[in-house]
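Enquirer: Numbering (my numbering), first residue to last: 1258 to 1364. We treat Cβ as the ideally placed atom computed from N, Cα and C, and that holds for glycine. Keep in mind it's a predicted model, so treat the numbers as computed, not measured. Got a structure for you, written out below as structure tokens; questions coming shortly.
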């Protein structure tokens, strides 16, 4: 389902680890960032996966909105604390996003 807020399609909601160890950054609609569709997307048919250098369980907990050390799916915010829900939620999201953006791509 598409929504009217830009964050639903163009901002990271979570990182989803694939079987090959790459991550796909998903929007709130569980589509790769920028995909504006309600259709099923097969990630392996698009160049959307990325290997992230040094992503450990400890770093995952720093990125995750609930401080979980889960490397399979890392949520940058949750429905109870959306970035557009107030300044404190936006600051928390931007802080997690800054940590994510500091990570490097593994070649």
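(1) Hey, how far is the Cα of residue 1319 from the Cα of residue 1359?
(2) Thinking C-beta only, is residue 1317 closer than 7 Å to residue 1328?
(3) Are there three or more Cβ pairs, one per stretch, closer than 8 Å when the region 1273-1284 is compared with the region 1301-1318?
(4) Could you tell me the alpha carbon to alpha carbon distance between residue 1282 and residue 1263, rounded to whole angstroms?
(5) Quick one: grab the DSSP three-state call for residue 1308.
(6) Would you check if the distance between the CB atom of residue 1269 and the CB atom of residue 1333 is smaller than 7 Å?
(7) Please list the segments of the alpha helix (DSSP H) lying wholly inside the region 1278-1325, counting only runs of 4 or more residues, in order along the chain.
Expert: Taking the geometry as given:
(1) Cα-Cα distance, rounded: 12 Å.
(2) yes
(3) yes
(4) 15 Å
(5) coil
(6) yes
(7) 1314-1320
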